[in-house]
Amino acid sequence: MNYSQAVAWLLGMTNFERPVAPSEPTDSETSNAPIATRRWNLDRVHELLRRLDNPHIGPVTLHVAGTKGKGSTCALLAAALTNSGYRTGLFTSPHLHTIRERIAVNGYPCSEQDFVDAASVVKPAVEAVNADASFGTITTFEALTAMAFVAFRAQNVEMQVIEVGLGGRLDSTNVVEPAVTGITSISLDHEAFLGSTIREIATEKAGIIKSGIPVVSAPQESDAADVIISRSDELAAPLTLLRRDVFWRPEMATLSGQDFAMWGQIGDRPIEHQLRTSLLGEHQLENASLAMAMLEHLRDLHYPVPYDDIYTGFSGVTWPGRMEILSESPLIVADGAHNPYSATRLAETIRETFPGREVQLVLGAASDKDVSGIAREIGAVATGAFATTSRSPRSMSPDDIADTLWEAGVPVRPENTVAAAIERAKLEGGPSALILVTGSLFVVAEAREHVLGVTPDESAY
Numbered sequence: 000m001n002y003s004q005a006v007a008w009l010l011g012m013t014n015f016e017r018p019v020a021p022s023e024p025t026d027s028e029t030s031n032a033p034i035a036t037r038r039w040n041l042d043r044v045h046e047l048l049r050r051l052d053n054p055h056i057g058p059v060t061l062h063v064a065g066t067k068g069k070g071s072t073c074a075l076l077a078a079a080l081t082n083s084g085y086r087t088g089l090f091t092s093p094h095l096h097t098i099r100e101r102i103a104v105n106g107y108p109c110s111e112q113d114f115v116d117a118a119s120v121v122k123p124a125v126e127a128v129n130a131d132a133s134f135g136t137i138t139t140f141e142a143l144t145a146m147a148f149v150a151f152r153a154q155n156v157e158m159q160v161i162e163v164g165l166g167g168r169l170d171s172t173n174v175v176e177p178a179v180t181g182i183t184s185i186s187l188d189h190e191a192f193l194g195s196t197i198r199e200i201a202t203e204k205a206g207i208i209k210s211g212i213p214v215v216s217a218p219q220e221s222d223a224a225d226v227i228i229s230r231s232d233e234l235a236a237p238l239t240l241l242r243r244d245v246f247w248r249p250e251m252a253t254l255s256g257q258d259f260a261m262w263g264q265i266g267d268r269p270i271e272h273q274l275r276t277s278l279l280g281e282h283q284l285e286n287a288s289l290a291m292a293m294l295e296h297l298r299d300l301h302y303p304v305p306y307d308d309i310y311t312g313f314s315g316v317t318w319p320g321r322m323e324i325l326s327e328s329p330l331i332v333a334d335g336a337h338n339p340y341s342a343t344r345l346a347e348t349i350r351e352t353f354p355g356r357e358v359q360l361v362l363g364a365a366s367d368k369d370v371s372g373i374a375r376e377i378g379a380v381a382t383g384a385f386a387t388t389s390r391s392p393r394s395m396s397p398d399d400i401a402d403t404l405w406e407a408g409v410p411v412r413p414e415n416t417v418a419a420a421i422e423r424a425k426l427e428g429g430p431s432a433l434i435l436v437t438g439s440l441f442v443v444a445e446a447r448e449h450v451l452g453v454t455p456d457e458s459a460y
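Per numbering that gives the first Met the number 0, the sequence shown starts with residue 0, numbered consecutively.
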């Protein structure tokens, strides 16, 4: 099996990151069981991993769920652990240009050969599970999760940072035995799978909390906080809640990063830090504080993670597509905000970081998102806009996005490609204009490819 064959095999399975087939029954056409229960089955994942000799067991594991910020939090954790001298695996989703980005060791995506090697090990186990009708059929994400654990085992990983794919309770990553868990900010997203209220979604996210295992949570709306506190109490899981137990204060921000103070208590132990992160936006201070609190819990478990190594890791971390400056002249910023909550946070960051700046917006989004809400929030900072589409089969048409922007009061023109939209924004904006590309990580990926010359592989389509 070569790389192209491995990608084709993996993406040829049932893949819920792509559009649901028209023939698939809807929730109302089947039993009353939630969609998530029918689609995801941890018994199936456990059986797959059992046939692979449980590669997920062994490395010290940090497990992170949440609606927004979990990828950034995982990147911060992995950077700190790698800088501390641990061989560190990082499993995240989705990807921008190649599926190999999702499986990284010490900051580097796995090679094509490592990807093929992992697929070659996992494929016979997938076939065996599929042949046993009692477990159902392995999905793309389940197989990819197993591949990550197999790749980490082959690379002798000591620490693994695992980002939940969707939800938490039934996510295929929720087979790990974590040392510490983390829950980032929770908001409405993926309602068809996770529930239509914050309380329902928080219940799914809190499904990663384990008996007696420390958990750190970002500040939450009251319904989400109630769920997390209740679940932690039920499982006797020591809970550190940001803005209750741990606090932070921004101090200085430039385009190269942010300095901030952090203080509070981990259990009965006081902490105080002066930190810097290269990630932009005040919301990243929340993510960095969450990551730091998780590392404090790891230190309490007697894993040596020197503070100086954490500080250096945080200050040098990169996480593409999240308030990323693609170009300084003209100024082009890309961010994968794809729901109203993240669009609100992005708008706040733009106002704080670039006060008074003319903003030419390049917006593309998936048709299953709250595009009106996104347009309303991010459109508030835009002088003008260009509606576009991406290679994602779920993308909304430029004309439909343009309609939502007009409704939000933003002057807009449709463009059929991200590249064309960026070039038109350059012409339309003044010499000091900021071009903001957002609405979808697919759109951000194509912006990076156009501006930075990145070449995607076949797994990006």
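Just so it is clear, CB atoms sit at the ideal spot from N, CA and C, and this is done for glycine as well.
Within 10 Å of its beta-carbon, does A132 have 16 or more other beta-carbons around it, so buried, or fewer, so exposed? exposed
If the criterion is Cβ atoms closer than 8 angstroms, does the pair F441 and S391 meet it? yes
State the Cα-Cα distance for the pair N1 and A459, rounded to the nearest angstrom. Cα to Cα, the separation comes out at about 17 angstroms.
Exposed unless 16 or more other CB atoms sit within 10 angstroms - verdict on F246: Answer is exposed; the Cβ neighbour count stays below 16.
Is it buried or exposed for Y107, if we count other Cβ within 10 angstroms and need 16 for buried? exposed
Three-state secondary structure (DSSP) at G256? strand
L435 bridges to which residues according to DSSP? V332, L360.
Confirm, please, whether the CB-CB distance from G320 to D334 is below 8 angstroms. yes
Which one of A287, G429, A5 has the shortest CA to CA distance from R99? A5
Closer than 7 angstroms by C-beta to V156: which residues in its own chain qualify, once you throw out the five before and the five after it? Chain order, please. P58, R86, T87, G88, V104
Does the separation of the CB atoms of S171 and F140 fall below 8 angstroms? yes
Spell out a yes or no on whether the segment 250-261 and the segment 226-234 are touching, meaning 3 or more CB-CB pairs, one atom from each, closer than 8 angstroms. no
Where does H62 fall in DSSP's three states? strand
Give me, in chain order, the residues of the same chain whose beta-carbon lies closer than 6 angstroms to that of T202; leave out the 5 immediate sequence neighbours on both sides. The answer, listed in chain order, is V226.
Report the three-state DSSP secondary structure of F246 (helix, strand or coil). strand
Exposed or buried, what is A130 when buried is set at 16 or more other beta-carbons lying within 10 Å of its beta-carbon? Here A130 is exposed: its Cβ has fewer than 16 other Cβ atoms, across all protein chains shown, within 10 Å.
Within its chain, find whatever has a CB closer than 6 angstroms to the CB of E23; leave out the 5 residues flanking it on each side and keep chain order. The pLDDT assigned to E23 is 40, lower than 50, so where the model puts this residue is not dependable; a value taken from the coordinates is nonetheless given after this. Cβ within range, chain order: n/a, list empty.
Looking only at its own chain, which residues have a Cβ that is under 6 angstroms from the Cβ of A64, when we skip the five neighbours before and after it? Hits under 6 angstroms: V163, G167, I182, K204, I207.
Considering S326, what are the terminal residues of the beta strand (DSSP E) in which it resides? 323-327
Only counting the same chain, and skipping five residues up and downstream in sequence, which positions put a Cβ closer than 8 angstroms to that of K209? E176, P177, T180, L234, A236
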